[in-house]
Amino acid sequence: MNTQKISVIIPVYNTSEFLEDSVRSVMNQSYRNLEIICVNDGSTDNSLDILKKLRDEDDRIIIVDKPNGGLGDARNHGMKHATAEWITFLDSDDSLEPETYKTVSEQAFPLNPDMVHFGVRMIYRDNVGNRKKDENYYSIRYEGLVEADNNMKATDDCAVWNKLFRKSILDRYDIHFEKILYEDYPFTMQYRSVADKIFYIKDKFHRYLRRDGSIMAKTFEGTPRSIDHMYALGYVADFWKRNNLLKKNADIAGRMFSYCYTFALKHASESIIPSIAEYALKLHNEYSVFSEKIDVTRRHGTILFTDRDFKHKTSTRVLESIFTIKKEYYNYQLYKVLRIFSLTIFKTRCKQQP
-17 MNTQKISVII PVYNTSEFLE DSVRSVMNQS YRNLEIICVN DGSTDNSLDI
33 LKKLRDEDDR IIIVDKPNGG LGDARNHGMK HATAEWITFL DSDDSLEPET
83 YKTVSEQAFP LNPDMVHFGV RMIYRDNVGN RKKDENYYSI RYEGLVEADN
133 NMKATDDCAV WNKLFRKSIL DRYDIHFEKI LYEDYPFTMQ YRSVADKIFY
183 IKDKFHRYLR RDGSIMAKTF EGTPRSIDHM YALGYVADFW KRNNLLKKNA
233 DIAGRMFSYC YTFALKHASE SIIPSIAEYA LKLHNEYSVF SEKIDVTRRH
283 GTILFTDRDF KHKTSTRVLE SIFTIKKEYY NYQLYKVLRI FSLTIFKTRC
333 KQQP
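Residue -17 is where the sequence shown starts when you use the numbering used here, and the numbers rise one by one after that.
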């Protein structure tokens, strides 16, 4: 067994209901060479007391107590205290299967990858229903050591808690969490931009709890923070520029732009939608990797962005010019529109974004 040390960073904020089970899932790992860095991010419940009790049982636990600064800030503080080459994260309402790090050490570490990526088991509680999209998003399509290409980097999930990262790479490129709501996306995308070898393990080692009140549950409610999806893309583009990686990532830039813009609109409150469009236009104009892939038009009071690669792959352009039923934006509101020879025959407002 390759017994390299692993730093496990657990940000904690008012999760006393789940916290002990979460931390114990790390304490009880069959792989023992761990440091368990628990960052209490200004909790107002008894989370800190729980951490102190667990520390009395296990001297591998390090408690970092700080004022509230958000999830990304807590993880950044944890990284500053990490001493291992391998760094991983666990949210304090999630947990791990007991053989997680043993399997990583036996299968991945001997092959010297830049990143390790393992599977996720979804657990739903409260009023959060099973989402097939979640299962698909977190599914792993590869196995073993893989030379990373841009398609993999653009389509793999962007969570940080089902992966292990090298501290040397994080430090070399100053990769850290930004103060936005969706901080995993720029962190993971920046790291993958400079990771050449990824080791995939299909076993569903991470138990991901979806519940009411979580950050991800709030994501789907319609929020003014939805613009953070576009800010996340901006951080990635700026990272590419600083490290001369724009050309290397040009072939996936359009897909990333379309994904972030669509996701931002999909979950935005109505008041923030024009700001999302204007910021997207700013990124489009500032970075050629976006402007070379994305066409911009203004129609019905809406800024529209179209991925040229997707448009050119469409095989039904002639039929669509005669008869179409599709979703269209009017003043950032979504409608289902029936057209014949480009004339609007019927239009109805959709209840939700696509």
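From the three backbone atoms N, C-alpha and C, an ideal C-beta is built for every residue, glycine too.
Alpha carbons only, please: which of the options is nearest the one belonging to residue i?
{"i": "S29", "options": "S12, Y13, G51, V5", "result": "V5"}
{"i": "Y190", "options": "W143, R154, Y182", "result": "W143"}
{"i": "F147", "options": "L16, E88, Y241, T170", "result": "T170"}
{"i": "R281", "options": "A56, Q315, S257, D55", "result": "Q315"}
{"i": "A136", "options": "I45, H59, F239", "result": "F239"}
{"i": "F287", "options": "Y269, A262, I307, K309", "result": "A262"}
{"i": "K(-13)", "options": "C332, K230, V86, D178", "result": "V86"}
{"i": "E268", "options": "L228, Y83, I254", "result": "L228"}
{"i": "L72", "options": "E17, Q172, A259", "result": "E17"}
{"i": "Q172", "options": "V218, Q11, H59, I180", "result": "V218"}
{"i": "I157", "options": "K62, E129, Q11, D76", "result": "K62"}
{"i": "R154", "options": "V176, N226, P206", "result": "V176"}
{"i": "K184", "options": "R123, F0, K35", "result": "R123"}
{"i": "Y167", "options": "D139, E79, R192, T326", "result": "D139"}
{"i": "E129", "options": "Y120, N94, K318", "result": "N94"}
{"i": "E67", "options": "Y120, I255, I151", "result": "I151"}
{"i": "C332", "options": "F272, D289, K248, S121", "result": "K248"}
{"i": "N(-4)", "options": "K145, N10, P49", "result": "P49"}
{"i": "E310", "options": "D289, R290, T284, I322", "result": "T284"}
{"i": "Y83", "options": "V271, K186, G216", "result": "K186"}
{"i": "D338", "options": "S270, E252, E260", "result": "Only positions -17 to 336 of the chain appear in this structure, which leaves residue 338 out of reach."}
{"i": "R14", "options": "R42, K35, F0, D55", "result": "R42"}
{"i": "S7", "options": "H188, G60, W222, I162", "result": "H188"}
{"i": "K264", "options": "L215, L325, E252, N226", "result": "L215"}
{"i": "T(-15)", "options": "S251, Q89, I322, K115", "result": "Q89"}
What residues match up with residue i in a beta bridge as DSSP calls it?
{"i": "G126", "result": "Y182"}
{"i": "R189", "result": "S77, R103"}
{"i": "R154", "result": "None; R154 has no bridge partner."}
{"i": "E310", "result": "Y317"}
{"i": "K145", "result": "H99"}
{"i": "D38", "result": "According to DSSP, D38 bridges with nothing at all."}
{"i": "A250", "result": "T205"}
{"i": "D47", "result": "N22"}
I need the boundaries of the alpha helix (DSSP H) containing residue i, first residue and last residue.
{"i": "R42", "result": "Careful: R42 lies outside any alpha helix (DSSP H) and carries neither H nor E."}
{"i": "S208", "result": "Segment: none, S208 is in no alpha helix (DSSP H) and carries neither H nor E."}
{"i": "S273", "result": "270 to 273"}
{"i": "F0", "result": "-2 to 9"}
{"i": "F169", "result": "166 to 176"}
{"i": "T284", "result": "Premise fails: T284 lies in the beta strand (DSSP E), 284 to 289, not in any alpha helix (DSSP H)."}
{"i": "A136", "result": "132 to 137"}
{"i": "N118", "result": "114 to 119"}
Provide the residue span of the beta strand (DSSP E) that contains residue i, from first to last.
{"i": "G60", "result": "No beta strand (DSSP E) contains G60, which is instead part of the alpha helix (DSSP H) from 53 to 63."}
{"i": "E17", "result": "16 to 23"}
{"i": "K329", "result": "325 to 331"}
{"i": "H99", "result": "97 to 106"}
{"i": "L320", "result": "315 to 322"}
{"i": "K230", "result": "No beta strand (DSSP E) holds K230; DSSP gives it neither H nor E."}
{"i": "R281", "result": "276 to 281"}
{"i": "S(-11)", "result": "-12 to -6"}
{"i": "K161", "result": "Careful: K161 lies outside any beta strand (DSSP E) and carries neither H nor E."}
{"i": "T70", "result": "68 to 71"}
{"i": "L366", "result": "Residue 366 is absent from the model: the chain starts at -17 and stops at 336."}
Can you give the beta carbon distance from residue i to residue j, rounded, assuming they're within the 8 Å contact cut?
{"i": "L53", "j": "E165", "result": "6 Å"}
{"i": "D27", "j": "S(-2)", "result": "5 Å"}
{"i": "D233", "j": "D178", "result": "That pair is no contact at about 17 Å."}
{"i": "I209", "j": "A246", "result": "6 Å"}
{"i": "F181", "j": "V102", "result": "Incorrect: roughly 16 Å between the Cβ atoms, too far for contact."}
{"i": "D31", "j": "S77", "result": "So it is not a contact: roughly 20 Å between Cβ atoms."}
{"i": "M212", "j": "Y243", "result": "7 Å"}
{"i": "R57", "j": "I45", "result": "Contact flag wrong, Cβ pair sits at about 15 Å."}
{"i": "K318", "j": "I307", "result": "7 Å"}
{"i": "R192", "j": "I105", "result": "7 Å"}
{"i": "P80", "j": "S25", "result": "Wrong, their Cβ atoms sit about 26 Å apart, outside the cutoff."}
{"i": "I258", "j": "H266", "result": "Rounded, the Cβ-Cβ distance is 12 Å, inconsistent with contact."}
{"i": "L1", "j": "S74", "result": "5 Å"}
*Using 8 Å as the Cβ pair cut-off and three pairs as the minimum, do the segment -12 to -3 and the segment 8 to 22 touch?*
yes
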